[in-house]
Amino acid sequence: MIAEGVKTYRNYIGGEWRDGSATERLEIRDPANGELVYYCTNSTVEDARAAIAAAKHAFEHTDWSENAVARAKALYKLADALRASLDWLAPLLTREGGKPLAISRAEIMRGADALEYYAGLARNLYGRSINLGPNEMAILLREPIGVVSIITPWNMALSLLTRSLAPALAAGNAVVIKPASLTPGATAEFIRMIDETPEIPKGIVNYVVGPGSTVGAELVKHPDVEMVAFTGDTSTGKEIMRMAADGLKKVSLELGGKSPSVIFPDADFGRAVRSALSGASLWHAGQVCVAGTRILVQESIHDRFIEEARKQAGSLRVGPGLDKSTQVGPVISEGQLNRVLQYVEVGKREAELVVGGHRLTDGELARGYFVAPTVFDRVPVDAKIAQEEIFGPVVSVLTFKDEEEAAEIANATVYGLAAAVYTTDINKAMRLAKKIKSGMVWINTFGRLYPNAEMGGYKQSGLGRSYGLEGLREFTELKHINIQIHDPGRATSRRGDE
Ligand code: NAD
Numbered sequence: 017m018i019a020e021g022v023k024t025y026r027n028y029i030g031g032e033w034r035d036g037s038a039t040e041r042l043e044i045r046d047p048a049n050g051e052l053v054y055y056c057t058n059s060t061v062e063d064a065r066a067a068i069a070a071a072k073h074a075f076e077h078t079d080w081s082e083n084a085v086a087r088a089k090a091l092y093k094l095a096d097a098l099r100a101s102l103d104w105l106a107p108l109l110t111r112e113g114g115k116p117l118a119i120s121r122a123e124i125m126r127g128a129d130a131l132e133y134y135a136g137l138a139r140n141l142y143g144r145s146i147n148l149g150p151n152e153m154a155i156l157l158r159e160p161i162g163v164v165s166i167i168t169p170w171n172m173a174l175s176l177l178t179r180s181l182a183p184a185l186a187a188g189n190a191v192v193i194k195p196a197s198l199t200p201g202a203t204a205e206f207i208r209m210i211d212e213t214p215e216i217p218k219g220i221v222n223y224v225v226g227p228g229s230t231v232g233a234e235l236v237k238h239p240d241v242e243m244v245a246f247t248g249d250t251s252t253g254k255e256i257m258r259m260a261a262d263g264l265k266k267v268s269l270e271l272g273g274k275s276p277s278v279i280f281p282d283a284d285f286g287r288a289v290r291s292a293l294s295g296a297s298l299w300h301a302g303q304v305c306v307a308g309t310r311i312l313v314q315e316s317i318h319d320r321f322i323e324e325a326r327k328q329a330g331s332l333r334v335g336p337g338l339d340k341s342t343q344v345g346p347v348i349s350e351g352q353l354n355r356v357l358q359y360v361e362v363g364k365r366e367a368e369l370v371v372g373g374h375r376l377t378d379g380e381l382a383r384g385y386f387v388a389p390t391v392f393d394r395v396p397v398d399a400k401i402a403q404e405e406i407f408g409p410v411v412s413v414l415t416f417k418d419e420e421e422a423a424e425i426a427n428a429t430v431y432g433l434a435a436a437v438y439t440t441d442i443n444k445a446m447r448l449a450k451k452i453k454s455g456m457v458w459i460n461t462f463g464r465l466y467p468n469a470e471m472g473g474y475k476q477s478g479l480g481r482s483y484g485l486e487g488l489r490e491f492t493e494l495k496h497i498n499i500q501i502h503d504p505g506r507a508t509s510r511r512g513d514e
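The number in the working numbering is simply the position in the sequence shown, starting from 1, with 16 added.
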């Protein structure tokens, strides 16, 4: 039965809102209390194909790829529209995804910032030229790739979408967006802002909601898709790379992490503990890719650190994200709740539980998927909870003897997304920053991201870079146009003829 007065979101294909062809619609429920928030259409491979066809048609039959002025204007307008939506869109982000309202507001502002940054770059996508000889030269031209699929996860649905979408559009591509089926609504509201931006030709942006295994896979395999920009789990990223290999498609992969925060005794202790615990992203129940879920402390400050972590993690207020006093929201779903609780049970066997370690069911919390912020101590480097991405509010504390061992432990996972080092010795900080194999290293802070500075994964945390100039270049091809100048007075070199 369909509840009355509840909104239904639909696909957006070729500039039209359309129902998907799957028979069952999705019911999106608030992870804090199980209440129905909205419905969303659900799609099949046929809808994915229609979206790809619309994108291809718009790419080939509009001036979008050649009109940098329109692209810049469109992105500036979208940034303004997103900012103007703050008060009504943030609560929707919180209701669909669970995160505290302040985090949803910050996410919207970050999305707007990325749109504005790439709006500025849209007219500055320079190539190069080079003189190759007396009568020959090369123009290295940056061109858009064509149809790009953007596949996003549920944890930061809007800011992770804009992180890929803004450079993809700035570079002149057409896109098909597939959000995670758990959180399609805030993305659909943003698509409405795109629909209301006259500079964006219909068909340049398309949006299809459906399962990753069918709709997502089609958006990777279809021959008319030239590039896949994926953010999500490492195992899904590997599967996408395998599927993309057949068509030798370009992929950009932003995947999982198990980031270390390394604390030395000479750090500003109070600040370092607060920052490292906040870096574990307990506020979004640990559901953040860069979350610093491994905290490495030198032996001499271990006991002091554990006491402080017990106090701080144990006193965080857990509750619905819409409640202003909430510091830690729910995990996204029942499946995620069970997964996190299984890891917690493994942790109890592998290490020493300091605080938390259970589901919270007091009063209203019983209606949602709440896990007490959990800290494990004396975690062996090779423990499952120190190696695998839990995506829950679970922190592992490990100790190290010296700088060398700190670097070894920091590097002892398959991931390499981010890391933090806390010390007042800048030389030590820089030595470690160079040794740690990750796309990002923070010194005496955690989690700061900027649209004008690249981020991305080493090792199994990904391929390619997001944000910054590199983030824009990801969405381009480079063409060499070679010119031989006819000059009867001078002989042409034959070097380039082989
Ligand atoms: P997920 O991999 O399960 O899903 C991500 C998206 O991929 C969803 O839209 C899903 O429907 C789709 N998908 C699933 N299978 C697919 C397939 N076979 N083909 C095509 N698409 C498919 O990830 P999730 O659970 O939504 O998100 C959490 C994960 O995302 C965590 O591992 C987290 O670390 C990672 N993440 C990484 C970053 C980063 O910047 N590196 C940022 C946020 C999240």
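Backbone N, C-alpha and C fix where the C-beta goes; we use that ideal spot for every residue, glycine too.
Everything numeric in this text was worked out from a predicted model, so none of it was measured.
Query                                                                                                                                : Result
Proximity winner among Tyr431, Asn468, Ser341 and Asn427, relative to Ala449 (alpha-carbon distances)                                : Asn427
Host alpha helix (DSSP H) of Arg179 (start-end)                                                                                      : Ala173 to Ala186
Any non-hydrogen atom of the ligand NAD closer than 7 angstroms to Thr110 Cβ                                                         : no
Exposure label - Glu514; buried when at least 16 CB within 10 Å                                                                      : Below a pLDDT of 50, predicted positions are generally treated as unreliable, and Glu514, at 48, falls in that range; no measurement from the model is reported.
Beta-carbon contacts of Asp441 that lie in its chain and below 7 angstroms, excluding the five residues immediately before and after : Asp282
Where Glu514 sits in the DSSP three-state scheme                                                                                     : Because the pLDDT of Glu514 is 48, which lies under 50, any placement of that residue in the model is unreliable, and the question is left without a value.
Contact the stretch 291–306 vs the stretch 401–410: 3+ CB pairs below 8 angstroms                                                    : yes
Span separating the alpha-carbon of Ala204 from that of Leu108                                                                       : 11 angstroms
Alpha-carbon to alpha-carbon, Tyr474 and Thr60                                                                                       : 34 angstroms
Residues bridged to Ile311 [DSSP beta-bridge criterion]                                                                              : Ser277 and Val413
Check whether Leu414 and Ala402 have beta carbons under 8 angstroms apart                                                            : yes
Distance cut-off 7 angstroms: Val236 Cβ against heavy atoms of the ligand NAD                                                        : yes
Neighbour flag for Thr110 against chain D, beta carbons, 8 angstroms                                                                 : Considering every chain present, this structure includes no chain D. It has just one protein chain.
Residue closest to Ile317, alpha-carbon to alpha-carbon, out of Glu132, Met259 and Tyr438                                            : Tyr438
Own chain, CB closer than 7 angstroms to Val516, minus 5 neighbours either side, in chain order                                      : With the chain represented from 17 up to 514, any question about residue 516 goes unanswered, as that position is not in the structure.
Start-to-end residues for the beta strand (DSSP E) that takes in Arg158                                                              : Glu152 to Pro160
Check whether Gly272 and Ala436 have beta carbons under 8 angstroms apart                                                            : no
Distance cut-off 7 angstroms: Phe407 Cβ against heavy atoms of the ligand NAD                                                        : yes
Contact check, Lys400 vs Glu421, beta carbons under 8 angstroms                                                                      : no
8 angstroms CB neighbourhood of Glu404 in its chain, flanking five on each side removed                                              : Lys274 and Tyr359
Spatial neighbours of Ser37 in its chain, beta-carbon cut-off 6 angstroms, leaving aside the 5 residues before and after             : Thr60, Glu62 and Asp63
Asp129 versus Lys417, Thr178, Asn222 and Tyr431, residue with shortest Cα-Cα distance                                                : Thr178
Residue environment, Ser454, which counts as buried when at least 16 other CB atoms sit within 10 Å                                  : buried
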